[in-house]
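Numbering (full-length UniProt numbering), first residue to last: 1 to 238. No residue lacks a Cβ here, since even glycine has one placed at the ideal position from N, Cα and C.
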Ligand code: ADP
Ligand code: MG
């Protein structure tokens, strides 16, 4: 688990401002769901926390330690993308072990980490397959397996289930919540699915046009939406 402090975060691409000063304190073990319209800066914020994007201004701290200048591999965070981002030429097992091999873990450690992750996700029979021989749901499981092998302190999920059909989404949603609990992780999960947000979140962060509009439990946002934008998203009478 890790606490994540986001303080005064601004981001511009060239002269185009995307985030206008985001402040957010995420507690150890929390499941945060980040919602907001397309283009409001959700992915950019996640990518900055993961270290995949420079911070224009402000500070990101993980467990109290400033990480702005740390490489992604030194942040103890794993990210799961909508597009799965698997290596097509590698087997499932090799995709899952890639980050451990980068870090020069021993063969024994790698085998046991991949074995554990595979059994948690029901991937044992698929370990020697290539991604192209998997269904969308199986690919997303591999992407999750790859994220958990390192036992990171935090997970960042960027609309991980958007490409899956409704039934599979519901099943995977439950599994993600269980993994989060079992691994004692801290998670930030981006979605534009209201049901996903309401069922997964300890707290929801509603963003609009690069600014946080409201942070609260699903019930807080439903009962007391801060503005029409939040009311519209949550589907409450407002
Ligand atoms: P969201 O994930 O909420 O849909 P993004 O964070 O992907 O939004 O994008 C926020 C804004 O930043 C959008 O206007 C997008 O076009 C812009 N943007 C994102 N990445 C880049 C980039 N690498 N270069 C220029 N503009 C970008
Ligand atoms: Mg996005």
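Here's a check: name, in chain order, each residue in its chain whose Cβ is nearer than 6 Å to the Cβ of residue 176, leaving out the five neighbours to either side.
As a working note, residue 176 is residue 176 in the chain shown. The answer is none, since no qualifying residue turns up.
Does the distance between the C-beta of residue 229 and the nearest non-hydrogen atom of the ligand ADP fall short of 7 Å? Here residue 229 refers to the residue found at position 229 of the chain shown. No; taking the cut-off as 7 Å, the Cβ of residue 229 has no heavy atom of the ligand ADP nearer than that.
Is the beta carbon of residue 158 sitting closer than 8 Å to the one on residue 90? The residue you call residue 158 lines up with position 158 of the chain shown. The residue you call residue 90 lines up with position 90 of the chain shown. No, Cβ-Cβ distance for residue 158 and residue 90 is not below 8 Å.
inquiry  = Is the separation between the beta-carbon of residue 46 and that of residue 188 shorter than 8 Å?
reply    = As a first step, residue 46 must be located in the chain shown, where it is residue number 46. As a first step, residue 188 must be located in the chain shown, where it is residue number 188. Closer than 8 Å, so yes.
task: Ignoring anything shorter than 4 residues or poking outside the stretch 149–215, list the alpha helix (DSSP H) runs there in chain order.
output: 166–182 and 194–200
Chain-order list of residues whose beta-carbon lies under 7 Å from that of residue 184 (same chain, five-residue window excluded):
Here residue 184 is taken as the residue at index 184 of the chain shown, counted from 1. Within the same chain, residue 184 has close Cβ partners 1 and 29.
- Query: Is the distance from the Cβ of residue 8 to the Cβ of residue 207 below 8 Å?
  - Reply: Translated into positions along the chain shown, residue 8 becomes position 8. Translated into positions along the chain shown, residue 207 becomes position 207. It is not a contact, given that the beta carbons lie outside the stated cut-off.
Which same chain residues end up closer than 6 Å to residue 168 when comparing Cβ atoms and leaving out the 5 residues on each side of it in sequence? One-based indexing of the chain shown puts residue 168 at position 168. Only 137 meet the Cβ criterion.
- Exposed or buried, which one is residue 238 when buried takes at least 16 other CB atoms within 10 Å? Here the question's residue 238 lines up with position 238 in the chain shown. For residue 238, the predicted structure reports a pLDDT of 47, less than 50, and the residue's modelled location is therefore unreliable. A value from the coordinates is still provided. By the neighbour-count rule (16 or more Cβ atoms within 10 Å), residue 238 is not buried but exposed.
Any heavy atom of the ligand MG closer than 7 Å to the CB of residue 42?
Here residue 42 refers to the residue found at position 42 when the chain shown is read from its first residue. Yes; taking the cut-off as 7 Å, the Cβ of residue 42 has a heavy atom of the ligand MG nearer than that.
Fill in: Reduced DSSP category for residue 108 - H, G, I as helix; E, B as strand; rest coil
To locate residue 108, count along the chain shown from 1; it is residue 108. Correct three-state label for residue 108: helix.
query: Should residue 158 be listed as close to the ligand MG, given that the test is whether its C-beta is under 7 Å from any heavy atom?
result: Counting from one through the chain shown, the residue named residue 158 turns up at place 158. Residue 158 Cβ: within cutoff of the ligand MG.
Inset, instruction - For residue 146, count neighbouring C-beta atoms within 10 Å of its own C-beta (all shown protein chains included) and say buried if the count is 16 or more, exposed if not. - result: Locating residue 146 in the chain shown gives position 146, where the first residue counts as 1. With 16 or more other Cβ atoms within 10 Å, it is buried.
**Message:** Given 7 Å as the limit, tell me if residue 119 has its C-beta closer than that to any heavy atom belonging to the ligand PLP.
**Reply:** For the ligand PLP, the structure offers nothing, since it holds only the ligand ADP and the ligand MG.
(Q) Can you look up residue 134 in the DSSP assignment and give me helix, strand or coil? (A) By 1-based counting over the chain shown, the position of residue 134 is 134. Of the three classes helix, strand and coil, the one that applies to residue 134 here is coil, per DSSP.
Q | N- and C-terminal bounds of the alpha helix (DSSP H) containing residue 43 | A | Taking the first residue of the chain shown as 1, we reach residue 43 at position 43. Per DSSP, residue 43 belongs to the alpha helix (DSSP H) from 42–50.
Mark residue 171 as exposed unless 16 or more other C-beta atoms lie within 10 angstroms of its C-beta, in which case mark it buried. Here residue 171 corresponds to residue number 171 of the chain shown, with the count starting at 1. Label assigned to residue 171: exposed.
TODO: Given a cut-off of 8 Å, decide if residue 202 and residue 32 are closer than it, judged by their beta-carbon atoms.
DONE: The sequence position of residue 32 within the chain shown is 32, counting from 1. The sequence position of residue 202 within the chain shown is 202, counting from 1. A contact, by the Cβ cut-off of 8 Å.
Can you tell me whether residue 216 sits near the ligand ADP, meaning its C-beta is under 7 Å from at least one heavy atom of the ligand? Here residue 216 is taken as the residue at index 216 of the chain shown, counted from 1. No; taking the cut-off as 7 Å, the Cβ of residue 216 has no heavy atom of the ligand ADP nearer than that.
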